[in-house]
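Asker:
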Amino acid sequence: MSVAVIGFAQAPCLPSAGTTSGVETLVPVFRRALAEAGLDRHEVDFWCSGSSDYLAGRAFSFVNAVDAIGAYPPICESHVEMDAAWAFYEAYVKILAGEAETALVYGFGKASAGLLRRVLALQLDPYTVAPLWPDSVSVAALQARCALDAGVVTERAMAEVAVRSRADASANPYSQLSGVLDLDDLLARPYLAEPLRAHDCAPVSDGAAALVLACGERARRHPRRAWISGVAHRIDPQGLGERDLTAAPSATAAAEAAGLPGDLDVAELHAPFTHQELLLRAALGLGERVRINPSGGALCGNPMFSAGLARIGTAAEQVMSGRARTAAGHATSGPALQQNLVCVLEAS
Amino acid sequence: MFVLSAPLTISFDYTRSLGPVLGRFMTALRERRVLGSRTADGRVHVPPLEYDPATHAPVIDLVEVRPTGTVTSWTWTDRPLDGQPLDRPFAWALIRLDGADTALLHAVDAGSRELMRTGMRVSIRWAADRTGHIRDIACFQPGEVTDGPDRRDDEPVTVMTTPIRLSYTHTTSADESRYLYALADGRLLGQRCPVCRKVYVPPRVCPADGVPTEEEVAIRDHGTVTTFCVVNVPFAGQRLDPPYVVAQILLDGADIPIPHLILGLPADQVRMGMRVAAVWRDPESWTTTPENIVHFRPTGEPDAPYESYREHL
Ligand SMILES: [Zn+2]
Chain A
1 MSVAVIGFAQ
11 APCLPSAGTT
21 SGVETLVPVF
31 RRALAEAGLD
41 RHEVDFWCSG
51 SSDYLAGRAF
61 SFVNAVDAIG
71 AYPPICESHV
81 EMDAAWAFYE
91 AYVKILAGEA
101 ETALVYGFGK
111 ASAGLLRRVL
121 ALQLDPYTVA
131 PLWPDSVSVA
141 ALQARCALDA
151 GVVTERAMAE
161 VAVRSRADAS
171 ANPYSQLSGV
181 LDLDDLLARP
191 YLAEPLRAHD
201 CAPVSDGAAA
211 LVLACGERAR
221 RHPRRAWISG
231 VAHRIDPQGL
241 GERDLTAAPS
251 ATAAAEAAGL
261 PGDLDVAELH
271 APFTHQELLL
281 RAALGLGERV
291 RINPSGGALC
301 GNPMFSAGLA
311 RIGTAAEQVM
321 SGRARTAAGH
331 ATSGPALQQN
341 LVCVLEAS
Chain B
1 MFVLSAPLTI
11 SFDYTRSLGP
21 VLGRFMTALR
31 ERRVLGSRTA
41 DGRVHVPPLE
51 YDPATHAPVI
61 DLVEVRPTGT
71 VTSWTWTDRP
81 LDGQPLDRPF
91 AWALIRLDGA
101 DTALLHAVDA
111 GSRELMRTGM
121 RVSIRWAADR
131 TGHIRDIACF
141 QPGEVTDGPD
151 RRDDEPVTVM
161 TTPIRLSYTH
171 TTSADESRYL
181 YALADGRLLG
191 QRCPVCRKVY
201 VPPRVCPADG
211 VPTEEEVAIR
221 DHGTVTTFCV
231 VNVPFAGQRL
241 DPPYVVAQIL
251 LDGADIPIPH
261 LILGLPADQV
271 RMGMRVAAVW
281 RDPESWTTTP
291 ENIVHFRPTG
301 EPDAPYESYR
311 EHL
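Below, the structure is given as structure tokens:
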């Protein structure tokens, strides 16, 4: 049986947006995603979300957001405390297993409510690392230096990623940052966490996204669809010092398991730091021909817990609109590209 | 109207059992010694692994490594964050201790970023007070100055406690803000769902229809107890002495109950269907908070029939 993406919508990525609960942000996003899919909310068999209590600063924050679904009478619903790309995986499997014909996957988060880079310290090993409170930008900087020292990236190549991403984001109304940057000017700017400068790091973004899936028969009734030819996710060891931080073996393994084709047109990579895009391109074996992040990517808007799902959604839009025959959506979770998910989308 | 926001600080202690590997690791730290775990391939891991990633067997072989090591990566922090090991500019680094094959993440008190480089030699600066915690390593320092082991005969470390403190700015929705502003005027405000016509207090997106509620409805501060519990258990931060009653109160005109305290009668006399009224604070002290209502008290009216609230339990 096959599964397709038939609808996608996202909220604009904003430095600070609305309520901490996420409910009000989700209502219009659901409305647009369902309208694009031509589906009534009562026709959704399975709802699955990704979000985090640590971001919201309260327990069971996802329960609150369920109001936006219209959950009474009781509906079939699930949640992952991860980027909603992993909720997407759960919904995909649910449909493959024949337990649902349609699913709506959503992610949301108000990263600006707390100090994001400090909150993210709590995803690290709780015995030997998290009690030191290393912030997420510093952890990424340790990875960037490993890659620089190993000669697999340069600060100039990192800045080039920022320049290209901001320019591409100009055509994306949902992006938070966009515009023309000067390469030499960027390289003259001060470090934020050496060797990372401000342009190397994704902004703190509030946002949400929703994606609609349908099984083969249902999907064929819809004029616009992107077929999923493979999805896989893998994980590298949690200890930062246990890993070769210049590689992302879990991304390579996920791409292989998902059947990432060599003749890909577009790849939407979830790389919140410039060096991570370069590491991912190598890990996924993406050649020069592949168009990377036409949306501008997470560097121009990184709503926590929906940015990965948005990569899959924007990759699907490339296929649904006919701009690409094959596209890949990628999501990452955890520190320094620890976990990676790859989804391959095709026109037929 | 401005949307309301307020600071919110959450703090709690994570208390974790350590198990045989991390317990011995933390016990050794208290003695100014560092243990690594040796996996079947002969590699020594610091911090230790509890299971061999290749064979999946429990790791039982712990070996001592040196308190000196080499920086394998680093970054500089000009403005340390709350809770980090040092309160002056410092480096985060990955450090491979002598005798280990993997690197440990920690802080280096280098004084200046110009002194930091990949490959530099560093050594552990031990905390004066050690309890069997990763923070027994206060930080690392450049060079190879080391304190020898401090032998002690204390009980082995089996548990570690890590305080967590997080600060947020909590922001209400526009509808919640309207509700809170009304409370500051001594009014209770509900909003009606345009689809099912139910009235929600406080206003919220209708959980049955998934649409915002829009039409404002004034709600009386009298209502009916739909269900309740008697709190008999003392807990940290408790404001009242147990026993006391927390109830769900269906305000007249609303379709969803609110939680509040029922005071003014012995706990064992509170019952489902009891009619209650809000007891407001002195209007001088009203602000945009539900605390303007101190509690609810019985009105003495006859109990409401079960049928009048059965849909709202
Ligand atoms: Zn309704």
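Quick mapping for you: the protein sequence lines, in order, are chains A and B. Every letter in the first sequence is one number past the one before it in the UniProt record's numbering, and letter 57, counting from 1, is 57. Every letter in the second sequence is one number past the one before it in the UniProt record's numbering, and letter 181, counting from 1, is 181. Each residue gets a CB set at the ideal place from its N, CA and C atoms; glycine is no exception.
Pull up the distance between the alpha-carbon of A:CYS215 and that of A:LEU96, whole angstroms please.
Answerer: What you label residue 215 of chain A is simply residue 215 of the first sequence in a count that begins at 1. What you label residue 96 of chain A is simply residue 96 of the first sequence in a count that begins at 1. Their backbone Cα atoms lie some 8 Å apart in a straight line.
Asker: Assuming the contact rule is C-beta atoms closer than 8 Å, B:THR224 and B:ILE258 should be a hit. Round their C-beta distance to whole Å, please.
Answerer: Along the second sequence, one-based indexing puts residue 224 of chain B at 224. Along the second sequence, one-based indexing puts residue 258 of chain B at 258. The distance from the Cβ of B:THR224 to that of B:ILE258 is about 12 Å, inconsistent with a contact at the 8 Å cut-off.
Asker: Please name the residue or residues paired with A:ASP135 in a DSSP beta bridge.
Answerer: Here residue 135 of chain A refers to the residue found at position 135 of the first sequence. DSSP output for A:ASP135 lists no bridge partner at all.
Asker: Mapping the DSSP letters down to three states, classify A:GLY329 as helix, strand or coil.
Answerer: As a first step, residue 329 of chain A must be located in the first sequence, where it is residue number 329. Strand at A:GLY329.
Asker: Can you list, in chain order, the residues of the UniProt domain "ChsH2 rubredoxin-like zinc ribbon" (182-210) of chain B whose Cβ is nearer than 8 Å to any Cβ on chain A?
Answerer: ARG204, VAL205, CYS206, PRO207, ALA208, ASP209, GLY210
Asker: According to DSSP, which residues form a beta bridge with B:ARG165?
Answerer: Position 165 of the second sequence, counting from 1, holds the residue named residue 165 of chain B. Answer is B:SER11.
Asker: Going along chain A, which residues have a C-beta under 9 Å from B:GLY83?
Answerer: Your numbering for residue 83 of chain B matches position 83 in the second sequence. ARG118, ALA121, PRO131, LEU132, TRP133, listed in chain order.
Asker: On the CB-based measure, 16 or more other CB atoms within 10 Å of its CB, does A:PRO303 come out buried or exposed?
Answerer: Residue 303 of chain A sits at position 303 when you count from the first residue of the first sequence. The residue is buried, with at least 16 neighbouring Cβ atoms inside 10 Å.
Asker: Is B:VAL199 near ligand 1 - that is, is its Cβ less than 7 Å away from at least one heavy atom of it?
Answerer: In the second sequence, counting from the first residue as 1, residue 199 of chain B sits at position 199. No, the beta carbon of B:VAL199 sits no closer than 7 Å to any heavy atom of ligand 1.
Asker: So does the segment 37-46 of chain A actually touch the segment 250-266 of chain A, counting three or more Cβ pairs closer than 8 Å?
Answerer: Flag = no, the segment 37-46 of chain A and the segment 250-266 of chain A do not touch.
Asker: Which one of B:SER308, B:ARG24, B:ALA6, B:PRO7 has the shortest CA to CA distance from B:ASP154?
Answerer: Working through the second sequence from its first residue, we reach residue 154 of chain B at position 154. Answer by Cα proximity: B:ARG24.
Asker: Give, in chain order, every unbroken run of the beta strand (DSSP E) that is at least 3 residues long and sits entirely within the segment 103-146 of chain B.
Answerer: Secondary structure within the segment 103-146 of chain B: the beta strand (DSSP E) runs of 3 or more consecutive residues, fully enclosed, are 104-108, 121-126, 137-142 (chain order).
Asker: By DSSP's criteria, B:MET160 is part of a beta bridge. Which residues make up the other side?
Answerer: If you number the second sequence from 1, residue 160 of chain B lands on position 160. Bridge partners of B:MET160: B:ARG16.
Asker: Kindly say whether A:THR128, judged by its beta-carbon, lies nearer than 8 Å to any beta-carbon of chain B.
Answerer: Mapped onto the first sequence, residue 128 of chain A falls at position 128. Taking Cβ atoms only, chain B reaches closer than 8 Å to A:THR128, which makes this a yes.
Asker: Please check if any C-beta of chain B sits within less than 8 Å of the C-beta of A:CYS146.
Answerer: On the first sequence, residue 146 of chain A is found 146 positions in, with the first residue counted as 1. By this cut-off, A:CYS146 is an interface position.
Asker: For the candidate residues A:GLU256, A:SER295, A:VAL93, whose alpha-carbon lies nearest to that of A:CYS48?
Answerer: By 1-based counting over the first sequence, the position of residue 48 of chain A is 48. Checking every option, the nearest Cα to that of A:CYS48 belongs to A:VAL93.
Asker: Using the Cβ count rule (16 or more neighbours within 10 Å means buried), how would you classify B:TYR309?
Answerer: Within the second sequence, numbered from 1, the residue matching residue 309 of chain B stands at position 309. Classification of B:TYR309: buried, given that the 10 Å Cβ count is 16 or more.
Asker: Would B:ARG113 pass as an interface residue toward chain A - the criterion being a Cβ-Cβ separation below 8 Å?
Answerer: As a first step, residue 113 of chain B must be located in the second sequence, where it is residue number 113. At least one chain A Cβ lies under 8 Å of B:ARG113.
Asker: Is B:ALA208 near ligand 1, judged by its Cβ being under 7 Å from some heavy atom?
Answerer: Taking the second sequence and counting its residues from 1, the one referred to as residue 208 of chain B is at position 208. B:ALA208 Cβ: within cutoff of ligand 1.
Asker: Following a CB-centred definition, is residue 325 of chain B positioned closer than 7 Å to any heavy atom of ligand 1?
Answerer: For chain B, the structure presents residues 1 to 313; residue 325 of chain B sits outside this window and is missing.
Asker: Quick check on A:GLU194: buried or exposed, where buried means 16 or more other Cβ atoms within 10 Å of its Cβ?
Answerer: In the first sequence, residue 194 of chain A corresponds to position 194, counting from 1. A:GLU194 comes out buried.
Asker: Anything in chain B within Cβ reach of A:VAL27, meaning under 9 Å, just list it in chain order.
Answerer: By 1-based counting over the first sequence, the position of residue 27 of chain A is 27. Identification of chain B residues near A:VAL27 by a Cβ-Cβ cut-off of 9 Å yields VAL205, GLY210, VAL211, PRO212, ordered along the chain.
Asker: Out of curiosity, what's the CA-to-CA distance linking B:VAL71 and B:ASP129?
Answerer: Position 71 of the second sequence holds residue 71 of chain B. Position 129 of the second sequence holds residue 129 of chain B. C-alpha separation (whole angstroms): 26 Å.
Asker: Tell me the residue span of the beta strand (DSSP E) that contains B:TYR244.
Answerer: Position 244 of the second sequence, counted from the first residue, corresponds to residue 244 of chain B. Element bounds for B:TYR244: 244-251.
Asker: Any C-beta of chain A sitting closer than 8 Å to the C-beta of B:TYR168?
Answerer: By one-based count along the second sequence, residue 168 of chain B stands at place 168. So yes, B:TYR168 belongs to the interface.
Asker: Apart from the five residues just before and just after A:GLY259, which ones in its own chain have a Cβ nearer than 7 Å to its Cβ?
Answerer: Numbered from its first residue, the first sequence carries residue 259 of chain A at position 259. Closer than 7 Å at the Cβ level, and outside the excluded window around A:GLY259, lie SER229, GLY230, VAL344.
Asker: Residues of the segment 231-255 of chain A with a CB closer than 8 Å to any CB of chain B: list them in chain order, please.
Answerer: PRO237, GLY239, LEU240, GLY241, GLU242, LEU245
Asker: Would you mind telling me which residues of chain A sit closer than 7 Å to B:ILE10, beta carbon to beta carbon, in chain order?
Answerer: Counting from one through the second sequence, the residue named residue 10 of chain B turns up at place 10. Result: GLY57.
Asker: Where does A:CYS343 fall in DSSP's three states?
Answerer: Start at 1 with the first residue of the first sequence, and residue 343 of chain A comes out as number 343. A:CYS343 falls in the strand class under three-state DSSP.
Asker: Given a limit of 9 Å on CB to CB distance, which residues of the segment 39-60 of chain B reach chain A?
Answerer: Among the residues of the segment 39-60 of chain B, those with a Cβ less than 9 Å away from any Cβ of chain A are HIS45, VAL46, PRO47, PRO48, LEU49, PRO53, in the order of the chain.
Asker: For ligand 1, any of its heavy atoms closer than 7 Å to the Cβ of B:VAL195?
Answerer: Residue 195 of chain B sits at position 195 when you count from the first residue of the second sequence. At least one heavy atom of ligand 1 is nearer than 7 Å to the Cβ of B:VAL195, so yes.
Asker: Quick one: measure Cβ to Cβ for A:TYR127 and A:ALA210, integer angstroms, because I've assumed they're closer than 8 Å.
Answerer: Residue 127 of chain A sits at position 127 when you count from the first residue of the first sequence. Residue 210 of chain A sits at position 210 when you count from the first residue of the first sequence. About 37 Å; that fails the 8 Å criterion.
Asker: Run down chain A in chain order and give the residues with a C-beta less than 8 Å from the C-beta of B:SER73.
Answerer: Taking the first residue of the second sequence as position 1, residue 73 of chain B is located at position 73. Under the 8 Å cutoff, chain A gives LEU142, GLN143, ARG145, CYS146, ASP149, LEU245.
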